[in-house]
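Visitor: Just so you know, the sequences run in chain order V and C.
For the first sequence, my numbering gives the first residue as -8, with consecutive numbering after it.
For the second sequence, my numbering gives the first residue as 267, with consecutive numbering after it.
Note that the Cβ used here is the ideal one computed from N, Cα and C, for glycine as well.
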Amino acid sequence: MVTGAFADRGADLELVGIQKRFPGFTAIEHLDLVIPAGSFFALLGPSGCGKTTTLRLVAGLEEPTDGRILIGGKDVTTQKAYQRPVNTVFQSYALFPHMTVLENVAFGLRRRKITDARSLAHEALRLVELDHLAARRPGQLSGGQQQRVALARAIVNRPALLLLDEPLGALDLKLRRQMQLELKSIQEDVGLTFLHVTHDQEEAMTMADTIAVMNKGRIEQLGAPEQLYDLPKTAFVANFLGQSNLFTGPVLGETSTSITVDVAGRGIVVPKARSHRHAGDVTIGVRPEKLTLHRENPVADSSHNVMGPGRVRDVSFTGVSTQYLVAVPGIGTLVVFEQNRSFGPVEGEGDEVWLTWNVEHGFGLDDDPADWETKFVADTSTKSIAAQRRATLVTELEEA
Amino acid sequence: MAFAAFASTTAPTTDAPARRRSKVALLLLLPGILYLVLFFLAPLVSLILTSLQAPSEFGDIGMYSYAFRWENYAAVIEQYWPHILRSFGYALIATVLALAFSYPLAYFIGVTARRWPLLQSLMLVLVIAPFFISFLLRTLAWKQILSDESFLVTSLKAVSLLAPDAHLTGTAFSVIFGLTYNFIPFMTLPLYTTLERLDLRYLEAGNDLYASGFHTFRTVTLPLSMPGIVAGTLLTFIPAAGDYINASRDFLGGADTQMIGNVIEANFLVLLNYPAAAALSLILMTVILVIVGVYVKRAGTEELL
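1. Put Trp345/V into one of helix, strand or coil per three-state DSSP.
2. Measuring CA to CA, which of Thr485/C, Leu304/C, Ser331/C and Asn473/C is closest to Gln74/V?
3. Our contact map puts Ile513/C next to Asn533/C with C-beta atoms below 8 Å; I'd like the distance itself, whole angstroms only.
4. Taking only beta-carbon positions, decide if Asn473/C is within less than 8 Å of chain V.
5. So, is the C-beta of Arg467/C closer than 8 Å to a C-beta in chain V?
6. Closest by CA to Val303/V, which one among Thr56/V, Val319/V and Pro289/V?
7. Less than 7 Å between the CB of Tyr339/C and some heavy atom of the ligand FMN, yes or no?
8. Residues in its own chain within less than 6 Å of Leu428/C by CB, not counting five upstream and five downstream?
9. Under a three-way DSSP split, which group does Pro55/V fall into?
10. Can you tell me the Cα-Cα spacing of Ser440/C and Leu434/C, whole angstroms?
11. Return the chain-ordered list of same chain residues with a C-beta closer than 7 Å to the C-beta of Ala145/V, the five sequence neighbours on each side being excluded.
12. Taking the alpha helix (DSSP H) that Ala97/V belongs to, which residues open and close that run?
13. Quick one: Cα of Tyr540/C to Cα of Gly520/C, how far?
14. Ignore the nearest five residues each way along the sequence and tell me which others in Gly8/V's own chain have a CB closer than 8 Å to its CB.
15. Establish whether the CB of Gly134/V and some CB of chain C are separated by less than 8 Å.
16. Quick check on the burial criterion: 16 or more other C-beta atoms within 10 angstroms. Buried or exposed for Trp408/C?
17. Can you tell which of Leu307/C, Tyr330/C and Ala291/C has the C-alpha that lies nearest to the C-alpha of Ala542/C?
18. For chain V, find out if any of its Cβ atoms is closer than 8 Å to the Cβ of Pro309/C; answer yes or no.
19. So, with DSSP's three-state summary, where would you put Arg304/V?
20. If you measure between the beta carbons of Leu346/V and Leu316/V, is that distance less than 8 Å?
21. Do Val147/V and Leu124/V have their CB atoms nearer than 8 Å?
22. If you compare alpha carbons, which of Val254/V, Ser247/V and Ser249/V is closest to Asn236/V?
23. Please name the residue in Leu501/C, Pro348/C, Ile530/C and Asn448/C whose C-alpha comes closest to that of Arg404/C.
24. Can you tell me which residues form a DSSP beta bridge with Asp209/V?
25. Quick check on the DSSP output: the alpha helix (DSSP H) that includes Val496/C runs from which residue to which?
26. Would the segment 196 to 203 of chain V and the segment 25 to 45 of chain V be scored as touching if the rule is three or more Cβ pairs under 8 Å?
27. Taking Cβ positions, are Ile375/C and Leu365/C nearer each other than 8 Å?
28. Pick out whichever of Glu351/V, Ile259/V, Val67/V and Thr44/V has its Cα sitting closest to the Cα of Leu222/V.
29. Closest Cβ-Cβ distance between Asn349/V and chain C: below 8 Å?
30. Taking CB distances under 8 Å as the criterion, tell me whether Pro489/C reaches chain V.
31. Any C-beta of chain C sitting closer than 8 Å to the C-beta of Val(-7)/V?
32. Among Ile327/C, Ala477/C, Leu318/C and Val342/C, which residue has its Cα nearest to the Cα of Ala333/C?
33. Just to confirm before moving on: does the CB-CB distance between Gly393/V and Ile275/V stay below 8 Å?
34. For Leu304/C, which of helix, strand or coil comes out of DSSP?
35. Suppose the cutoff is 7 Å on Cβ atoms and the five residues either side in sequence are ignored; what does the same chain contact list for Glu343/V look like?
36. List the residues of chain C that Thr79/V touches, going by C-beta distances under 7 Å, in chain order.
Set out below in structure tokens:
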């Protein structure tokens, strides 16, 4: 057991070749990950992508099938949960119902035989502004208050690594915002390493320094939020982290700095530096807010890509911006966000429009367009999930 | 003015259904109340009156007339205090033993076996299965097993684990054994129902907060299963303290193992000393009430609700 002293600062976490199989399915294929000390790291992904399993592996609540876990350079793979310098804020909070709030917060300190457990627990409760409820039982608190107690119970131990398992999931939007800011400032104050698991891309982007987007048991892309948003590497990232308009076509030609892709007869230019593939069939994309709507066919210009004409199929006003769905023949439906600079939507349903965007705003994905389709359908229809499961089962049987 | 008018007109209309509802509730409660009065309150009053009776002046044995002889109580306590003490001693030991056997069993069925529902159901059936055979028959069967000529006793004597002239039946051991055996299902089932609902995430949280398996059990699992422990121990202790089958000479007991239940039985049916039997019954009831009251208060289970 870790007794006596606190971790004086966050430790870095290293996952080496982690694999986790449960009877019947593989939660994590193969995971290599380094989280530097003192960072706020988010694991982002849809439910069932293996992010919670990763967290539980780090906490010691599950054992990896293969691979090693290092905290602060020390191999903890074989250590039990109670021996690891790690604390978790559980999704369900898991506050002990038979203890008062104060006893809950002091629990870890008492176990580690830290002398002034009571006063430290009070201090932690003051940090989350709940010291006045110290004598209550968790059942008497609201969801938001319980969440803060769970946070206090974890950070009071000053763990080298704090794990957050969708801790804000049960909160309403306003409280969520407030807690996001509090978490962020606590992390900056105490300088711990935070590993945050979430399916909320907005939450991940506002809070984390680094985001790893997970899908089907592996990391699709890792980087700073703005980097991931600006230059997604795969179609999954492009669509999970915000929205994207994606087009597929063969590369027609290239210059020293850019490639031209044939999208339904139109040449679309993407900078080479922003494209992962430079030959053959490629998938390129652009974010909806980078598109500009025009009522007339714009004059061709080498610094802009033009698409259209198309028809506005749907207009929805969201306050800050207006979302247009534009159907372009031969390409499909594009999403466009226009800022409401003047007031209200400018175009109406059924209007004929052209779309342009700055060449510099396009991006080219690393995915092979050939398996792009199957990859995408897989996430949406149950039929294809079943088909995919079948395929994996067949391969597994063949292996055996 | 408007408010006053509003209030005066609405007040009776909101009150009326409430009053009607309370009448309906009373009507529904009536059979229960009648039952309690007839079969609990009346016998209790009769028992109290009997316990204070004095022998009829010119009557035969077993003839008593109403009096206020509180000395009856002093007399039975003086005469039977070893039996009273023995009853509670045996009941306590049997309860502790039943808890020690039942807790791991209930934990296994309710927590460990959660992943295999079939095993869980099968084990529950096995816990309840003895109820399909009469409790008397089962106790008699144990008498056979523990008797002097039985395989068990002769084997134990053969390997010198038991002295050649020792017995198992008729000893404190066999009475406590019988009590423990007969009440284990009453201990296991309430324990199982609490442990079955135990949220394992609390245990994970305990582990996460530096508590080892043992510490998590002591600080989290045990306090959270307190309602089951209290229910199980009460369901075992109360009937065990008043039990007269196991300690009876016809079953597992002997002359030195008589419990208060046996004494009450003898006084009612053999000695025809009704006041003594009634006084003993009331003493048993009072002591149990006091013990249970203190226990429930100390266990603090109301906080878990």
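Guide: Considering the structure as presented:
1. What you label residue 345/V is simply residue 354 of the first sequence in a count that begins at 1. Note: Trp345/V maps to strand in three-state DSSP.
2. Mapped onto the first sequence, residue 74/V falls at position 83. Checked all of Thr485/C, Leu304/C, Ser331/C and Asn473/C; the closest Cα to Gln74/V is Asn473/C.
3. Against the second sequence, residue 513/C aligns to sequence position 247. Against the second sequence, residue 533/C aligns to sequence position 267. The question names Ile, yet the displayed sequence has Ala at residue 513/C. Contact between Ala513/C and Asn533/C fails: their C-beta atoms lie close to 15 Å from each other, not under 8 Å.
4. The residue you call residue 473/C lines up with position 207 of the second sequence. So, interface residue.
5. Here residue 467/C refers to the residue found at position 201 of the second sequence. Yes, contact with chain V.
6. Here residue 303/V corresponds to residue number 312 of the first sequence, with the count starting at 1. Closest by alpha carbon: Val319/V.
7. Absent from the structure shown: the ligand FMN. Ligands present: none.
8. Locating residue 428/C in the second sequence gives position 162, counting from the first residue. Closer than 6 Å at Cβ, skipping near neighbours: Leu422.
9. Taking the first sequence and counting its residues from 1, the one referred to as residue 55/V is at position 64. Correct three-state label for Pro55/V: coil.
10. Sequence index remark: in the second sequence, residue 440/C carries index 174 (1-based). Sequence index remark: in the second sequence, residue 434/C carries index 168 (1-based). Distance between Ser440/C and Leu434/C, taken at the CA atoms: about 6 Å.
11. To locate residue 145/V, count along the first sequence from 1; it is residue 154. Contacts found: Asn78, Thr79, Val80 and Leu153.
12. Position 106 of the first sequence, counted from the start, is the residue given in the question as residue 97/V. Membership of Ala97/V in the alpha helix (DSSP H) is indicated by the continuous run Val92 to Arg102.
13. Position 274 of the second sequence, counted from the first residue, corresponds to residue 540/C. Position 254 of the second sequence, counted from the first residue, corresponds to residue 520/C. Looking at the two C-alpha atoms, the distance is approximately 24 Å.
14. As a working mapping, residue 8/V is identified with position 17 in the first sequence. Correct list, in chain order: His21, Leu22, Asp23, Asp57, Gly58 and Arg59.
15. Translated into positions along the first sequence, residue 134/V becomes position 143. Not an interface residue.
16. Residue mapping note: residue 408/C aligns to position 142 of the second sequence, counting from 1. Buried.
17. Translated into positions along the second sequence, residue 542/C becomes position 276. The candidate whose alpha carbon is nearest that of Ala542/C is Tyr330/C.
18. Position 43 of the second sequence holds residue 309/C. Taking Cβ atoms only, chain V never reaches closer than 8 Å to Pro309/C, which makes this a no.
19. Within the first sequence, the letter at position 313 stands for residue 304/V. Arg304/V falls in the strand class under three-state DSSP.
20. For the purposes of this step, residue 346/V is taken as residue 355 along the first sequence, with counting starting at 1. For the purposes of this step, residue 316/V is taken as residue 325 along the first sequence, with counting starting at 1. Contact flag unset, no.
21. Here residue 147/V corresponds to residue number 156 of the first sequence, with the count starting at 1. Here residue 124/V corresponds to residue number 133 of the first sequence, with the count starting at 1. Contact flag unset, no.
22. Taking the first residue of the first sequence as 1, we reach residue 236/V at position 245. If we check each option's Cα against that of Asn236/V, Val254/V comes out closest.
23. On the second sequence, residue 404/C is found 138 positions in, with the first residue counted as 1. Considering only alpha carbons, the answer is Asn448/C.
24. For this step, residue 209/V is matched to residue 218 along the first sequence. First, the residue type needs correcting, since residue 209/V is Arg and not Asp in the sequence shown. DSSP lists Asn206/V as partners of Arg209/V.
25. The residue you call residue 496/C lines up with position 230 of the second sequence. Counting along the chain, the alpha helix (DSSP H) containing Val496/C begins and ends at Met492 to Ala507.
26. Per the Cβ contact rule, the segment 196 to 203 of chain V is in contact with the segment 25 to 45 of chain V (3 or more Cβ pairs under 8 Å).
27. By 1-based counting over the second sequence, the position of residue 375/C is 109. By 1-based counting over the second sequence, the position of residue 365/C is 99. Result no, Cβ atoms of Ile375/C and Leu365/C do not sit closer than 8 Å.
28. On the first sequence, residue 222/V is found 231 positions in, with the first residue counted as 1. In terms of CA proximity to Leu222/V, Glu351/V leads the group Glu351/V, Ile259/V, Val67/V and Thr44/V.
29. The residue given as residue 349/V occupies position 358 in the first sequence. Taking Cβ atoms only, chain C never reaches closer than 8 Å to Asn349/V, which makes this a no.
30. Translated into positions along the second sequence, residue 489/C becomes position 223. Output row for Pro489/C: interface = yes.
31. By one-based count along the first sequence, residue -7/V stands at place 2. Only weak support exists for where Val(-7)/V lies, its pLDDT of 47 falling under 50; the coordinates are left without a value.
32. Here residue 333/C refers to the residue found at position 67 of the second sequence. Of the candidates Ile327/C, Ala477/C, Leu318/C and Val342/C, the one whose C-alpha sits nearest the C-alpha of Ala333/C is Leu318/C.
33. Residue 393/V is absent from the structure shown; chain V starts at -8 and stops at 391.
34. Start at 1 with the first residue of the second sequence, and residue 304/C comes out as number 38. Helix, per DSSP.
35. Reading the first sequence from its first residue, position 352 is the one you call residue 343/V. If we look at Glu343/V and ignore the five residues flanking it on each side, its Cβ neighbours are Pro300 and Arg302.
36. Translated into positions along the first sequence, residue 79/V becomes position 88. Those within 7 Å of Thr79/V in chain C are Asp474.
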